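If you're matching them up, the sequences are chains A and B in order. Residue numbers for the first sequence follow our numbering, so the first one is 2 and each next one is one higher. Residue numbers for the second sequence follow our numbering, so the first one is 2 and each next one is one higher. To start, the structure under review is shown below, and the notes come after it.
There are 2 protein chains.
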Amino acid sequence: MYKAPINDLNFVINKIIDLKEINKLQGFEEISDDLISQVLVEAGKISNILAESNYEGDHISSKRNEDGSVTTPPGFKESYKALGEGGWTSLEAKEEFGGQQMPTIISAAVNEMWHSANMSLALCHLLTQGLIYALQKSASKVQQDLFIPPLVEGRWTGTMNLTEPQAGTDLASIKTKAVKEGDHYRISGQKIYITYGEHDMSENIIHLVLARTPDAPEGVKGISVFIVPKFNLSEDGKLKEQNDVTCLSIEKKLGVKGSPTAVLQFGEKNGAIGYLVGEENQGLQIMFEMMNHARFAVGVQGLSISERAFQQAVQYANDRVQGIPIEKSKGDPIIHHPDVLRMLAVMKSEIEAMRALSIYGGFSMDMANLTEADKEFWTERSSLLVPIIKGWLTERSLEITSQAIQVHGGMGFIEETGVAQHFRDARILPIYEGTTAIQANDLVFRKTIRDQGKSVNLLFAEMLKELENYKNSENKIVNKSAVTMMEAVSISKETVDHLIASSNDQKKSAVSGVNYLMLMGYLCGGWMMSRSASKAAQEIANANKSNDFLEAKLVSSDIFMTHLLPKIKSLAESIVKGDESILAMKPEWLNQ
Amino acid sequence: MYKAPINDLNFVINKIIDLKEINKLQGFEEISDDLISQVLVEAGKISNILAESNYEGDHISSKRNEDGSVTTPPGFKESYKALGEGGWTSLEAKEEFGGQQMPTIISAAVNEMWHSANMSLALCHLLTQGLIYALQKSASKVQQDLFIPPLVEGRWTGTMNLTEPQAGTDLASIKTKAVKEGDHYRISGQKIYITYGEHDMSENIIHLVLARTPDAPEGVKGISVFIVPKFNLSEDGKLKEQNDVTCLSIEKKLGVKGSPTAVLQFGEKNGAIGYLVGEENQGLQIMFEMMNHARFAVGVQGLSISERAFQQAVQYANDRVQGIPIEKSKGDPIIHHPDVLRMLAVMKSEIEAMRALSIYGGFSMDMANLTEADKEFWTERSSLLVPIIKGWLTERSLEITSQAIQVHGGMGFIEETGVAQHFRDARILPIYEGTTAIQANDLVFRKTIRDQGKSVNLLFAEMLKELENYKNSENKIVNKSAVTMMEAVSISKETVDHLIASSNDQKKSAVSGVNYLMLMGYLCGGWMMSRSASKAAQEIANANKSNDFLEAKLVSSDIFMTHLLPKIKSLAESIVKGDESILAMKPEWLNQ
């Protein structure tokens with residue numbers, strides 16, 4: 002059973018970010034804590050419906066039929082319909098297209114729940130929201146009016162068609178062709194790894210396809226973006242005949258088995274009809290604009306799958322009796338064994354840091370989108386945070402889902418228990434939407450070295466200023482955490498100095514990128530947890546009484562400082578002292 | 002394709018341990034480097050046969066038929082037969098039972114290959130060797146003569162029957178009954194997680210079963226061990242009717258799917274006929290005696306699966322072209338991308354440390370078994386090392402197999418690629434034969450606190466003495482690694498001091514156990530790598546010329562010091578500062 006973490010989400014939204022700043026943004030004037038709390042409660046209810054088909058979806062999986070159609074697992078169709086009918090597919094879209102135009106802080110919170118409940122199913126929602134976002138940004142008014150409303154209503158769904166067999170991370174190698182024909186193009190080529198590329202959950206599927214026109218320049222400068230519907234449309238939006246797109250096969254994957262990952266063939270006959278988005282050869286630019294959105298969403302998935310695995314481990318540890326824990330009695334469950342408690346407590350602490358960072362990241366994106374006064378600041382801040390959120394949250398979800406298995410002992414290895422599914426599902430997260438190395442390259446080259454550390458040093462300065470206040474707190478955990486964090490900021494600063502000083506050798510920067518990304522993840526997580534501790538202590542002092550939630554938050558922060566933040570020290574040492582040793586390893590020596 | 006790491010095994014056996022010490026042991030006088038090298042080459046050939054059925058074994062899996070029999074995957078039966086016919090099932094056993102009585106340093110090296118090639122299949126060998134070991138130690142002469150030779154010949158196989166639904170880690174709760182009837186007992190009860198509990202690869206299966214006689218004392222003091230054959234035997238060893246043992250089901254597991262994990266029902270009719278090993282109520286003692294052997298073997302599996310995943314990742318990185326690596330040309334494979342190189346180089350370094358530590362561990366067991374002069378020293382040393390080898394090698398195999406997927410990008414998530422299998426297979430290793438927490442309890446309580454750190458401080462002193470020599474090396478990598486290692490020893494010593502000082506609170510020790518185990522793993526791994534570097538440098542100096550293998554060994558050591566050893570710092574901080582924060586987390590707070 003999944004239980005939406007509504008208390009913690011409310012805490013983060015009310016205490017970690019400043020809701021008053023959100024209210025200053027156009028369209029968000031009415032976003033109150035009460036409204037948010039209501040939305041979270043309602044979303045929590047729907048998430049239980051989604052959760053019902055999660056286990057079965059993994060075991061039955063999506064299947065391709067002989068006619069090329071794809072049947073999704075039992076319950077998926079109904080769940081996606083419930084999302085649409087409840088208005089959840091319209092949360093993010095603009096009002097003019099029938100959307101509710103809610104800020105990212107809310108959609109991130111709600112999306113966390115969908116992906117915890119059923120990541121395979123929620124992937125369809127993630128892709129569709131990404132498409133809506135892209136069309137809102139870059140499509141023509143006619144295209145927007147035709148395609149967006151049915152997506153917002155949940156009647157249609159969307160896909161992203163980037164990857165080809167020879168073109169994964171490297172989009173420059175894309176070969177899919179687009180030939181102009183009147184007001185449209187004819188698209189032909191093969192795309193792989195297309196999530197929900199074919200399925201039975203919606204009336205139509207709108208593919209966003211990267212392709213190349215015959216006279217396009219080589220490489221990434223010659224990529225264009227096209228809308229390719231599964232069913233062609235009359236001018237008034239009615240569905241006509243099927244377009245020339247075929248699902249050749251569905252991949253047999255390690256995880257997210259409920260979600261169909263298709264190989265799509267465009268143009269087996271005359272070429273699929275496609276509509277150019279924006280101008281020719283502007284494809285990469287358009288994709289980049291939606292990349293922050295998509296990468297952030299995948300980062301949230303890392304949080305989601307961690308939370309789900311954690312909840313399952315806690316439940317098991319409360320139920321399972323095995324051995325007599327130290328200072329306990331016969332019949333006491335394994336949660337009282339100190340090492341089981343350690344695993345769960347560290348998981349909880351890290352998940353809370355992830356959640357706070359994801360909502361803060363959403364806040365920075367809302368600010369970047371809509372503020373006028375500090376637009377540059379918030380644009381830089383959100384650009385800095387997105388690769389950290391994508392990389393750190395997804396990498397850490399591997400460890401957390403693995404620990405959830407460990408808590409189960411032998412039972413964790415048996416598929417019937419269900420916890421192994423989360424471990425398998427999580428494994429895609431540090432790969433798709435840009436591998437961790439790609440996030441790290443973005444962080445180290447574009448977000449750190451390019452501005453000579455300005456943006457990241459601004460973040461460090463903000464942290465230090467805030468930590469100075471916490472140092473004076475009367476609460477021991479708060480001031481101890483401030484001291485620990487200040488040391489961590491100082492180590493991080495030295496690391497950034499090293500990265501910039503040695504940036505004349507790009508290979509060194511690239512070697513250190515992933516370690517730097519992880520270091521920044523722990524640092525930002527620690528920042529969020531020291532802020533959490535301070536707010537919890539304040540609330541206890543103000544109310545002059547405590548409660549379990551706030552006490553637990555203080556302990557959780559203390560655990561972050563002693564069990565997770567220290568990892569910064571080893572990462573910093575690897576960065577500062579370890580780049581040359583890696584580059585000294587000749588690739589051919591690896592074959593011995 | 003799997004390629005046995007014969008060069009590195011030869012290096013470790015010839016340079017890291019002292020073969021002359023092995024030659025002083027009774028029965029091992031003739032063990033020469035030439036002999037070992039020959040054995041390794043021959044084993045390498047057989048490992049290729051085993052490797053052929055590994056992928057198919059994962060996909061087809063073992064299956065239970067309606068009559069309760071179990072069909073193993075195609076090729077498994079033939080492979081196990083090849084092991085027997087090649088004499089590989091007789092490597093470890095004593096000569097009097099038809100064995101070759103080889104030292105553990107050789108069996109460990111060979112077992113590494115079997116488990117790299119096909120872990121699911123090799124598990125049958127692992128269990129059978131464990132049974133032979135147990136019977137040699139504890140069974141009567143009559144039992145030994147009857148049961149051991151067919152196991153040694155590979156015609157029969159063995160199992161360990163410990164776990165019951167309510168009794169996993171906690172053997173005190175075992176309920177299976179054994180009632181005396183003439184010269185044998187009647188066994189009844191259910192056992193779960195029985196690896197190769199039923200299969201079609203051998204003529205007979207010999208189960209070693211923990212059970213309780215009617216008047217046995219409660220808890221672990223009332224456990225006895227019984228031999229229960231699948232087919233009963235006449236006095237001259239001929240197979241008779243089937244015993245009262247039934248395979249009720251086969252588990253659907255996350256990994257090692259080729260290996261059948263059975264639920265066995267003993268005594269559905271009149272009770273299975275079983276023969277007492279040793280005395281009544283001595284069962285736990287007998288199991289403990291074979292535990293070092295079994296845990297060490299599982300540690301080696303951690304090395305094996307890491308090596309296999311690494312080789313696959315290296316091959317993929319050499320073949321796959323994607324993007325143009327920094328300072329490289331179009332068409333150069335991804336192995337030239339600095340982050341891919343980093344992942345692979347760090348994997349290589351850690352695997353070499355694992356291999357050296359496993360062979361050194363085998364050496365310490367050989368010495369403990371057979372030396373007369375330093376028996377106490379080597380007994381303590383091997384007892385100290387076994388939980389470290391079991392815990393560290395298996396925990397780290399999770400990370401290494403995960404990184405192997407990451408190197409593959411999206412392809413790693415597709416089951417057809419085969420690399421995901423290693424990630425799934427590895428996940429059982431930190432669980433069975435005692436979870437990492439159980440290893441950590443053993444290490445912190447029995448091997449560290451009980452003797453007030455004497456044994457571990459002896460190890461530290463030996464390291465420091467050796468490192469003093471390396472500090473004077475003319476080779477920069479060797480002396481740098483010595484300095485880094487000396488700091489690490491000093492941090493580790495402080496950590497042990499803390500553990501002993503705070504040991505009056507057992508819960509604190511238990512909280513820190515796993516972190517301490519991991520710290521000791523990195524430290525011992527670092528010790529092995531600094532020794533490796535020194536030996537490589539010596540060999541280069543002696544021969545006055547170098548080669549790729551030795552150069553790579555130096556770089557590999559440098560990588561260990563800069564990318565793996567630094568983890569000691571964060572672990573030490575968690576141990577010294579983090580025990581109280583965990584214990585402050587109330588179990589009920591985890592439910593929020």
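Note that CB positions come from ideal geometry on N, CA and C, so glycine has one too. None of these values were measured; they are calculated from a predicted model.
Could you check whether the Cβ of A/R532 sits closer than 9 angstroms to any Cβ belonging to chain B?
So, not an interface residue.
Put B/T170 into one of helix, strand or coil per three-state DSSP.
coil
9 angstroms Cβ cutoff, B/V315 in contact with chain A
yes
By a C-beta neighbour count over all protein chains shown, 10 Å radius and 16 as the cutoff for buried, is A/R397 buried or exposed?
So A/R397 counts as buried.
Got a sec? Which residues, its chain only, sit under 6 angstroms from A/N112 by beta carbon, not counting five neighbours each side?
V301
Taking only runs of the alpha helix (DSSP H) that begin and end inside the segment 59–129 of chain B, which ones reach a length of at least 4 residues, in chain order?
77–86
Interface residues of chain B around A/K570 at Cβ under 8 angstroms?
P567, K570, S571 and E574
Let's see if you can read the secondary structure: which residues bound the alpha helix (DSSP H) around B/A438?
T437 to N442
Neighbour flag for B/F550 against chain A, beta carbons, 9 angstroms:
At least one chain A Cβ lies under 9 angstroms of B/F550.
Of all the residues that make up the segment 390–405 of chain A, which are near chain B by a beta-carbon distance shorter than 7 angstroms?
L399 and S403
Could you pull out every unbroken beta strand (DSSP E) segment of at least 3 residues lying fully inside the segment 423–508 of chain B, listed in chain order?
none
State the start and end residues of the unbroken beta strand (DSSP E) segment that holds B/P230.
S225 to P230
Is it buried or exposed for B/F289, if we count other Cβ within 10 angstroms and need 16 for buried?
exposed
Assign A/A441 to one of two classes, buried (16 or more other C-beta atoms within 10 Å of its C-beta) or exposed (fewer than that).
buried
Minimum length 3: unbroken beta strand (DSSP E) runs contained in the segment 228–316 of chain B
As far as the segment 228–316 of chain B is concerned, its whole beta strand (DSSP E) runs of at least 3 residues are 232–234, 240–243, 246–251, 262–267 and 273–278.
Own chain partners of A/G87 with C-beta closer than 8 angstroms, once the 5 adjacent residues on each side are dropped:
E43 and I47
Checking contacts by CB at 9 angstroms: is B/A585 closer than that to chain A?
Judged by the 9 angstroms Cβ criterion, B/A585 is in contact with chain A.
For A/E182, the three-state DSSP class (helix, strand or coil)
strand
If you draw a straight line from the C-alpha of B/T597 to the C-alpha of B/T436, how long is it?
Missing from the structure shown is residue 597 of chain B; chain B here goes from 2 to 593 and no further.
Cβ of A/W528 within 9 angstroms of any chain B Cβ:
Judged by the 9 angstroms Cβ criterion, A/W528 is not in contact with chain B.
Determine, using beta carbons only, whether A/N356 and A/L304 come nearer to each other than 9 angstroms.
Per the sequence presented here, residue 356 of chain A reads as Arg, with Asn not at that position. A contact, by the Cβ cut-off of 9 angstroms.
Tell me which residues share the same chain as A/N505 and place their Cβ nearer than 8 angstroms to its Cβ, disregarding the 5 neighbours each side in the sequence.
none
Helix, strand or coil for B/I32? Go by DSSP, reduced to three states.
coil
For B/K546, return the contacting residues in chain A, with the cut-off set at a CB-CB distance below 7 angstroms.
Going along chain A, no residue has its Cβ under 7 angstroms from B/K546, so there is no contact; the nearest lies around 17 angstroms.
For the segment 509–583 of chain B, which segments carrying the alpha helix (DSSP H) assignment without a break, of at least 4 residues, lie completely within its bounds, in sequence order?
549–560
Do the segment 239–251 of chain A and the segment 261–273 of chain A touch if we need at least three Cβ pairs shorter than 8 angstroms?
Touching, per the Cβ criterion.
On the DSSP bridge assignment, give the partners of B/V210 in chain order.
B/N162 and B/F227
Going along the chain, which residues of its own chain have a beta-carbon closer than 8 angstroms to the beta-carbon of A/M530, five neighbours each way excluded?
S350, E353, A354, A357, S482, S557, S558, F561 and M562
Nonlocal neighbours in the same chain, by C-beta distance under 8 angstroms from A/K241, ignoring five residues either side
Closer than 8 angstroms at the Cβ level, and outside the excluded window around A/K241, lie F232, N233, L234 and S235.
In chain B, which residues lie with their C-beta within 8 angstroms of the C-beta of A/V343?
Note that residue 343 of chain A is Arg in the sequence shown, not Val. The answer, in chain order, is V512, V515 and I583.
Please state the DSSP three-state secondary structure of A/P6.
coil
I'd like to confirm the pairing. Which residues does DSSP put opposite A/P334 in its beta bridges?
A/V322
Residues of its chain near B/I569, where Cβ-Cβ distance is below 7 angstroms and the 5 sequence neighbours each way are ignored
A489, I492, S493, L520, Y523 and L524
In three-state DSSP terms, what is A/K138?
helix
B/K376 in three-state terms, based on DSSP
helix
Within the chosen definition, does the segment 406–414 of chain B reach the segment 158–175 of chain A through at least 3 CB pairs nearer than 8 angstroms?
Cβ pair count under 8 angstroms is three or more, so yes.
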